[in-house]
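Under my numbering, the first residue of the sequence shown is numbered 106, with each subsequent residue one higher.
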Amino acid sequence: MIRLFLCCFLFIHTAFAETLPQQNMVASAHPLATKAAIDIFKQGGNAFDAAAALALTIGVAEPTGSGIGGGGFFLLYIAKENKYIMLDAREMSPTLARHGEIYQTKSSIDGPQSAAVPGLIAGIDHLITKYGNLDRKRDTEAAINIAKHGFKVSQHYQRVAQWRKDVLKTNASKNIFLHQSKVPDIGSLIQQPELANTLERFAKFGADDFYRGETAKRLVADMKKDGGLIRADDLETYQLIEREPVRFQYQGFEWIAAALPSSGGITLAETLGILKDDKLGKLSEVERTHLLIEAMKLAYKDRNQHLGDSDFVTIPDLLNEKRLKKLRHQISMNKTTPSSSFVADPSGNGVDTTHFSIIDKEGNMVAATLSINYGFGSAYVSPSTGILMNDEMDDFATQIGKPNAYGLVQGKANAVAPHKRMLSSMSPTFILGKNRTFIVGTPGGSRIISMVLLAGLEFMHGGNDVSAWINKPRFHHQYLPDVVQHEQGAFSLQVSKQLQAKGHQLKPIRNYGNMHAIVWDKKTGQVFGASDKRGEGVTATFTVKTQSSPVK
Ligand code: GLY
106 MIRLFLCCFL
116 FIHTAFAETL
126 PQQNMVASAH
136 PLATKAAIDI
146 FKQGGNAFDA
156 AAALALTIGV
166 AEPTGSGIGG
176 GGFFLLYIAK
186 ENKYIMLDAR
196 EMSPTLARHG
206 EIYQTKSSID
216 GPQSAAVPGL
226 IAGIDHLITK
236 YGNLDRKRDT
246 EAAINIAKHG
256 FKVSQHYQRV
266 AQWRKDVLKT
276 NASKNIFLHQ
286 SKVPDIGSLI
296 QQPELANTLE
306 RFAKFGADDF
316 YRGETAKRLV
326 ADMKKDGGLI
336 RADDLETYQL
346 IEREPVRFQY
356 QGFEWIAAAL
366 PSSGGITLAE
376 TLGILKDDKL
386 GKLSEVERTH
396 LLIEAMKLAY
406 KDRNQHLGDS
416 DFVTIPDLLN
426 EKRLKKLRHQ
436 ISMNKTTPSS
446 SFVADPSGNG
456 VDTTHFSIID
466 KEGNMVAATL
476 SINYGFGSAY
486 VSPSTGILMN
496 DEMDDFATQI
506 GKPNAYGLVQ
516 GKANAVAPHK
526 RMLSSMSPTF
536 ILGKNRTFIV
546 GTPGGSRIIS
556 MVLLAGLEFM
566 HGGNDVSAWI
576 NKPRFHHQYL
586 PDVVQHEQGA
596 FSLQVSKQLQ
606 AKGHQLKPIR
616 NYGNMHAIVW
626 DKKTGQVFGA
636 SDKRGEGVTA
646 TFTVKTQSSP
656 VK
């Protein structure tokens, strides 16, 4: 079993008086989604209502990355209970997928057979009914309106539609997401009338409609007709789970991150656990970068080999302190250790998914990362419900030893089994310092974890310049392929040369990630937030006295 290591620093954040946030703040990947959340605050909703409205809205307005045909993780801080909790709304494998035999001959990415049982609507209903101030109707209103009246095509939409155009080919998908089978023009409207009806039923009857009611009936009929695997008993047995997040101390800060079936929390804890005694801030840039790369490599190797749904498989004690020390001793400061000298399976990367961060004036916080995977998910829309289905089955090791769409070759721990949840990299995270709290996350497949790691280290360094931290060029190593992927500008010419001299193979890649983060300064009550310049997102605040004001 996983045992979390304790740092030598005793961290007592409750000993300091906290000033509540002066404003409600929302940072998300789409302007309409940020607006929907701000409007909820105006109506007296709290952070959890805002998160519900945002998750529903962004699923309509950014269908490339999430939606009610998918799933995700909501990391919550419930201020009045002083409680941290993770809502696990990850998809579950349908029974008919058995042990993944179907994926020997059929795609686990494109088409209805690649869809697992969606979890998002269960998560959203739970958020509203257990933690929200407002009712379902109000929290769903904006999403229904956008589905009915449409959202405008953006550059991001065009880019992903161009990429997935050839698989958006069923009548329902093509009619909604393309115009006359072509990528729609910028500014043209995408309307989803059948999805609006489904959302209206959700507003009235809740998740029950989706898993046991009219929507369930329609979805199963479409699945049967079109070759999907989801059946009524799969929907009926879907379970939303409240899980304890992964919590660990690192050099005076407490990190609170997503638990399995997300690999995020454990991989962050392992990477930083390996470096527990290194004073990263005192090292030269090249030494610091080298150490981070080597630690990432070791932690990702374990991720791919050992992690899976902890309700199904036993996870070894990867965070054992002695083990972490041993791993640290394997790292040479002079040269990189080639991945080929380890025995394990390779990893990969991904794009799609979405993240948002929210804080309210009571100190409630939400970090949520949601996904339908791989740009428009399965590209299959259930015609009678208007739901774009995920292709999250591809996050399993559908064929042991063979790479999935992102080149991930994972172990048996993540093999397909009925009702099992597939391993994820989504890593919504809170980092608590003595006087400051950070709410962070991003899409980006297996690179999510290293992005959160780098942004978290920037936060720990001090200041409140969220925008500078999240827009800094990134680097990443995921064990295999044995290369340091990096954005342009991540390393100076001199640092590149020094890293190469240590044996690192550097591979420039195009920009990745779309991070949305908030800092709460607990001394002053000020909140600072930013949306990644790589995306189209917006961060905005709302106070009762003033109007909402975009900060990006
Ligand atoms: N579908 C992306 C992830 O869960 O990691």
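Quick reminder that beta carbons are idealized off the backbone N, C-alpha and C, glycines included.
Going by beta carbon distance, what residues of the same chain come within less than 7 Å of residue i, once the five residues before and after it are set aside?
| i | result |
| --- | --- |
| P217 | M328, D331, G332, G333, S483, Y485 and M494 |
| E392 | M438 |
| D144 | A247 |
| K638 | N576 |
| A472 | L180, S462, P533, T534, F535, I544, V545 and G546 |
| S219 | S212, S213, S483, D496, M498 and D499 |
Starting from residue i, follow the alpha helix (DSSP H) in both directions and report where the run begins and ends.
| i | result |
| --- | --- |
| T376 | G369 to I379 |
| Q603 | L598 to A606 |
| F481 | From DSSP, F481 is part of no alpha helix (DSSP H); its letter is neither H nor E. |
| L181 | Taken as a continuous stretch (DSSP letters only), L181 belongs to no alpha helix (DSSP H), being part of the beta strand (DSSP E) at G176 to I183. |
| M130 | That residue, M130, is in no alpha helix (DSSP H); its beta strand (DSSP E) goes N129 to S133. |
| R408 | E390 to H411 |
| I145 | P136 to K147 |
| I281 | N276 to F282 |
| V571 | V571 to N576 |
| A337 | A337 to E341 |
Is it buried or exposed, residue i, if we count other Cβ atoms within 10 angstroms and call 16 or more buried?
| i | result |
| --- | --- |
| R264 | exposed |
| E497 | buried |
| I291 | exposed |
| K627 | buried |
| N276 | exposed |
| N187 | exposed |
| T376 | buried |
| Q593 | exposed |
| T342 | exposed |
| R526 | buried |
| Q297 | buried |
| T629 | exposed |
| A85 | Here the chain comprises residues numbered 106 to 657, so residue 85 is not present and cannot be evaluated. |
| G453 | Low confidence applies here, because G453 scores a pLDDT of 31, under 50, leaving its location unreliable; read the following figure in that light. By the neighbour-count rule (16 or more Cβ atoms within 10 Å), G453 is buried. |
Which of the three DSSP states, helix, strand or coil, is assigned to residue i?
| i | result |
| --- | --- |
| M620 | coil |
| V265 | helix |
| P298 | helix |
| M438 | coil |
| L192 | strand |
| T245 | helix |
| H591 | strand |
| G164 | helix |
| Y355 | strand |
| I492 | strand |
| L537 | strand |
| V557 | helix |
To the nearest angstrom, how far is the alpha carbon of residue i from that of residue j?
| i | j | result |
| --- | --- | --- |
| A152 | A645 | 13 Å |
| E390 | Q209 | 46 Å |
| T672 | K322 | As displayed, the chain neither begins before 106 nor continues past 657, which places residue 672 out of reach and without an answer. |
| T124 | T648 | 15 Å |
| P136 | I281 | 21 Å |
| F501 | K287 | 32 Å |
| A606 | P443 | 14 Å |
| Q610 | D587 | 7 Å |
| E563 | G386 | 10 Å |
| K517 | V222 | 21 Å |
| S551 | T234 | 32 Å |
| N250 | V165 | 10 Å |
| A522 | L201 | 9 Å |
| G538 | R241 | 35 Å |
| L429 | K612 | 28 Å |
| I505 | P421 | 19 Å |
| A301 | Q435 | 55 Å |
| P451 | I554 | Only weak support is given to the placement of P451: the predicted model assigns it a pLDDT of 32, under 50, and the value that follows is read from those uncertain coordinates. So the two alpha carbons sit approximately 16 Å from each other. |
Apart from the five residues just before and just after residue i, which ones in its own chain have a Cβ nearer than 6 Å to its Cβ?
| i | result |
| --- | --- |
| H261 | E641 |
| F481 | T169 and R269 |
| A122 | none |
| A337 | V325 |
| R408 | S368 and T372 |
Can you tell me where the beta strand (DSSP E) holding residue i begins and where it ends?
| i | result |
| --- | --- |
| Y316 | First-last for Y316: A312 to R317, but that is the alpha helix (DSSP H), not the beta strand (DSSP E). |
| P613 | L611 to P613 |
| H460 | T459 to I464 |
| S636 | V632 to S636 |
| A227 | Careful: A227 lies outside any beta strand (DSSP E), inside the alpha helix (DSSP H) at L225 to H231. |
| E347 | I346 to R348 |
| T646 | V643 to F647 |
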